[in-house]
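**Q** Would you mind keeping the following structure in view while I ask a few things?
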Amino acid sequence: MVRLPYSFLMSAVFTALIFFSGVSSEAAPPTRNPAGSSSTYIKVAGVNYVDARVFFARNGFKGAWIERGKSLRFQSATSQIDIEADKRDAVINGLRVLMGEPAVFRGSTLYVSRIDADKLFLPILRPSSVTTPPAPALRVIVIDAGHGGQDTGTQNKPFKLDEKVFALDVAMRLRTLLVKQGYKIVMTRTDDRFVPLPQRAEIANKAGADLFISIHFNAVGGSPTVRGSETYVMTPQYQRSTGSPRRDPSDNVANPGNRNDPWNTLLGYHMHDQVVGKLGSLDRGFKRARFAVLRLVNSPGVLIEAGYLSNNDEAKRISTSAYRQSLAEALAQGVRAYAVAITPVKTK
1184 MVRLPYSFLM SAVFTALIFF SGVSSEAAPP TRNPAGSSST YIKVAGVNYV
1234 DARVFFARNG FKGAWIERGK SLRFQSATSQ IDIEADKRDA VINGLRVLMG
1284 EPAVFRGSTL YVSRIDADKL FLPILRPSSV TTPPAPALRV IVIDAGHGGQ
1334 DTGTQNKPFK LDEKVFALDV AMRLRTLLVK QGYKIVMTRT DDRFVPLPQR
1384 AEIANKAGAD LFISIHFNAV GGSPTVRGSE TYVMTPQYQR STGSPRRDPS
1434 DNVANPGNRN DPWNTLLGYH MHDQVVGKLG SLDRGFKRAR FAVLRLVNSP
1484 GVLIEAGYLS NNDEAKRIST SAYRQSLAEA LAQGVRAYAV AITPVKTK
């Protein structure tokens, strides 16, 4: 398990700041017109927002109110997106996706943050329109089995289950599947040993990885009914992570993992889609975090939290080889879907 505090609703004070006060624009990125989003802008609490109707219309979507003044639905021939005012949750083709900032209602329309337009919606809906940076050609994939050695990861003590054991098992199964697809696979560990987080990223970078996949299982103390799957990718520069209730100056720092922000998004979306779909698990969302392995890798990266060992029913399923094989197959299919999505995109 790798977790940040689980928080999607801002405090009343912070909500008031967003809607009624100005905050230093230091947290906003330099003004520019990202691909597909050079439309009407407003600034709220130092964050640049774009008119969602204009943005999606320019990308082939028609919008209609689900509830006027509150929630909009955008549809194209192949996709559907639901966005609601004052919420960070969006639903893209049935998947729960967490935006960096809540949508806001102004005048007669909804606005989404410009970074979300540029680095969340656009890569998923029109990856061919993303030109910077070029998508890495997909040849070398690094698989990271979370934890190991003295670091057991999360545990289910009544059933004597350790996250590190299952993470490695799934990683080895995934290696077998991806080798059959023709990829060169590098593992951060192949046995029960401790590997420091920076070293895991270093292994990937030295291998010239084109993709980084970190496998984990979750837990939460005192809430044995919590279940489901979460997918994390690196938080874009100038945005707060999903678990952060407010922005912080550290959000403005560019990290190696930000070099591939659009491709992190596209990869994470397809991995989350396959894991939730194949396993039939509760969709806890596509999220953003500055976890060390995601922050330090030079390639697109994703971290999967594939279930809760603290939930006895889910732990029992995770303990079966059939479940772990299904998870490995879902991850392999996620890689395949990502590869198909970047096929029309210029790669480096």
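The opening position of the sequence shown corresponds to residue 1184 in the numbering used here, with each subsequent residue numbered one higher. Note that CB positions come from ideal geometry on N, CA and C, so glycine has one too.
#1: How far does the beta strand (DSSP E) with residue 1488 in it reach, from first residue to last?
#2: By the 10 Å Cβ neighbour count, where 16 or more other Cβ atoms means buried, how is residue 1250 classified, buried or exposed?
#3: Just checking, does the stretch 1443–1453 make contact with the stretch 1359–1371 on the three C-beta pairs under 8 angstroms criterion?
#4: So what does DSSP say about residue 1258, is it helix, strand or coil?
#5: Measure the Cβ-Cβ separation of residue 1493 and residue 1402 and say whether it is below 7 angstroms.
#6: List the whole-angstrom C-beta distance separating residue 1307 from residue 1449, where the pair is believed to meet the contact cut-off of C-beta under 8 angstroms.
#7: Please tell me whether residue 1490 and residue 1400 are closer than 7 angstroms, where the distance is taken between their beta carbons.
#8: Is residue 1383 closer than 7 angstroms to residue 1327 when the C-beta atoms are compared?
#9: Let me check understanding here. Comparing Cα to Cα, which of 1241, 1279, 1295 lies closest to residue 1234?
#10: Where do the N-terminal and C-terminal ends of the alpha helix (DSSP H) with residue 1557 fall, by residue?
#11: So is residue 1436 buried or exposed if we call it buried at 16+ other beta carbons inside 10 Å?
#12: Measuring CB to CB, does residue 1331 end up less than 7 angstroms from residue 1375?
#13: Return helix, strand or coil for residue 1455, following the three-state DSSP convention.
#14: Give the range of the beta strand (DSSP E) segment to which residue 1226 is assigned.
#15: Where do the ends of the beta strand (DSSP E) carrying residue 1233 lie?
#16: Could you give the first and the last residue of the continuous beta strand (DSSP E) run that contains residue 1272?
#17: Return the residue from the list 1352, 1340, 1271, 1280 that minimises the CA-CA distance to residue 1288.
**A** Taking the coordinates as given:
#1: Segment 1484–1491, the beta strand (DSSP E) holding residue 1488.
#2: Exposed: under 16 other Cβ atoms inside 10 Å.
#3: The stretch 1443–1453, when compared against the stretch 1359–1371, does not touch it at the 8 angstroms Cβ threshold.
#4: Three-state result, residue 1258: strand.
#5: Yes, the pair counts as a contact, with Cβ atoms nearer than the cut-off.
#6: The Cβ separation is near 6 angstroms, so the contact holds.
#7: Yes, these two residues count as a Cβ contact at 7 angstroms.
#8: One thing to note: residue 1327 has its Cβ within 7 angstroms of the Cβ of residue 1383.
#9: With distances taken between Cα atoms, residue 1234 lies closest to 1295.
#10: Here the chain has residues from 1184 to 1531 only, and residue 1557 is not among them.
#11: Under this definition residue 1436 is an exposed residue.
#12: Cβ atoms of residue 1331 and residue 1375: closer than 7 angstroms.
#13: Of the three classes helix, strand and coil, the one that applies to residue 1455 here is helix, per DSSP.
#14: For residue 1226, the enclosing beta strand (DSSP E) starts and ends at 1224–1227.
#15: Residue range 1230–1234 is occupied by the beta strand (DSSP E) that includes residue 1233.
#16: Residue 1272 -> beta strand (DSSP E) spans 1272–1275.
#17: The shortest C-alpha separation from residue 1288 is found at 1271.
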